[in-house]
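Asks: For the sequence shown, the numbering used here gives the first residue as 980, with consecutive numbering after it.
Glycine included, each C-beta is placed from N, C-alpha and C at the ideal position.
Remember, it's a predicted structure, so these values are computed and weren't measured experimentally.
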Amino acid sequence: MRLRKHGFLIGFSGSGKSTLGRVLAVKLGYRFVDLDGVIEKHARQSIAEIFAKKGEAAFRRLETTQLKRVLASTRNQVIALGGGAFEFADIRNMVRGNGVTVFLSCSQRELYRRLRNAGDRPLLEVRPRPGETPTQAKIRRIRHLLKKRLANYRAADLILSTTEKTVAQSARRLVRLLKNRL
Ligand code: S3P
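1) By Cβ distance, which residues of its chain are closer than 6 Å to L1003, with the 5 residues on each side in sequence left out?
2) Quick one: what's got a C-beta closer than 6 Å to V1012's C-beta in the same chain, skipping five residues either side?
3) Using the beta-carbon count (16 or more within 10 Å), is H985 buried or exposed?
4) Could you spell out where the alpha helix (DSSP H) holding S955 opens and where it closes?
5) To the nearest angstrom, how far is it from the Cα of F991 to the Cα of E1104?
6) In the structure shown, what three-state DSSP assignment does Q1056 receive?
7) Looking at the secondary structure, which residues open and close the alpha helix (DSSP H) in which S1149 lies?
8) Short check: CB of Q1115 to CB of P1107, under 9 Å?
9) I'd like to know whether the C-beta atoms of F1163 and V1074 end up nearer to each other than 9 Å.
10) Which residues in the same chain as T998 place their Cβ atom closer than 6 Å to its Cβ, once the five residues preceding and following it in sequence are excluded?
11) Here's a check: name, in chain order, each residue in its chain whose Cβ is nearer than 6 Å to the Cβ of S1086, leaving out the five neighbours to either side.
12) Looking only at its chain, what residues have a beta carbon closer than 8 Å to the beta carbon of E1111, apart from the 5 residues adjacent to it on each side?
13) When you compare each of E1028, K1047 and H1123 to L1014 by their alpha carbons, which one comes out closest?
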């Protein structure tokens, strides 16, 4: 099976990018790259530390420079981007023309279920407003970010819903979807 170059997975945190990316890479015989992992390794800090110490703008600059480096390194990679990366035109332009992009969509309800105990997503750490529970605050943040990002996510070449799917089911569909594109 041959992709034009790279397979990119985009979508919100918790949509399955890293988990499915790993499986897909094995099935394709590609290298798997988790862009957040590359950034953490380069910065020798966790994403949460980068956000806390240097701020979101610095993290976004790292996303762009490290993606550039990854793309220059070798062909035939499955690359999982962070949930906010596709918000940036520089990144969208780098991705376009370098392979096939799949948006892993997932319902808001299921995203919340998958993310409710995750403490490593700085943008989802939100202080409840007066009268609001922590759960409501997190759901509000997920809803807000999803609404803001959906149009860019939907500009992907392909869309695959991972809602109520097991990893094995989604992986099978993903491989099938990409196969049809080749
Ligand atoms: C972010 C998502 C995270 C990570 C960073 C910012 C976002 O990646 O890049 O915390 O802006 O939604 P995941 O999508 O892998 O959680």
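Replies: Judging by the given coordinates:
1) Position 24 of the sequence shown, counting from 1, holds the residue named residue 1003. Answer for L1003: V1057 and L1153, listed in chain order.
2) The sequence position of residue 1012 within the sequence shown is 33, counting from 1. Around V1012: V1049, Q1056 and I1058.
3) Counting from 1 along the sequence shown, the entry for residue 985 is found at position 6. The residue in question, H985, is buried, as its Cβ has 16 or more Cβ neighbours within 10 Å.
4) Nothing about residue 955 can be reported from this structure: the residues present for the chain run from 980 to 1161 only.
5) To locate residue 991, count along the sequence shown from 1; it is residue 12. To locate residue 1104, count along the sequence shown from 1; it is residue 125. Rounded to the nearest angstrom, the two C-alpha atoms are 15 Å apart.
6) Reading the sequence shown from its first residue, position 77 is the one you call residue 1056. Three-state result, Q1056: strand.
7) Counting from 1 along the sequence shown, the entry for residue 1149 is found at position 170. S1149 -> alpha helix (DSSP H) spans V1146 to K1158.
8) Looking up residue 1115 in the sequence shown gives position 136. Looking up residue 1107 in the sequence shown gives position 128. For Q1115 and P1107, yes; Cβs fall inside 9 Å.
9) Lying outside 980 to 1161, the shown extent of the chain, residue 1163 is not represented and no answer is given.
10) In the sequence shown, residue 998 corresponds to position 19, counting from 1. For T998, where only same-chain residues beyond five positions count, the Cβ hits under 6 Å are V1146.
11) On the sequence shown, residue 1086 is found 107 positions in, with the first residue counted as 1. Taken in chain order, the residues that qualify are T1142.
12) What you label residue 1111 is simply residue 132 of the sequence shown in a count that begins at 1. If we look at E1111 and ignore the five residues flanking it on each side, its Cβ neighbours are R1119.
13) Counting from one through the sequence shown, the residue named residue 1014 turns up at place 35. Selected option, being the one with the closest Cα: K1047.
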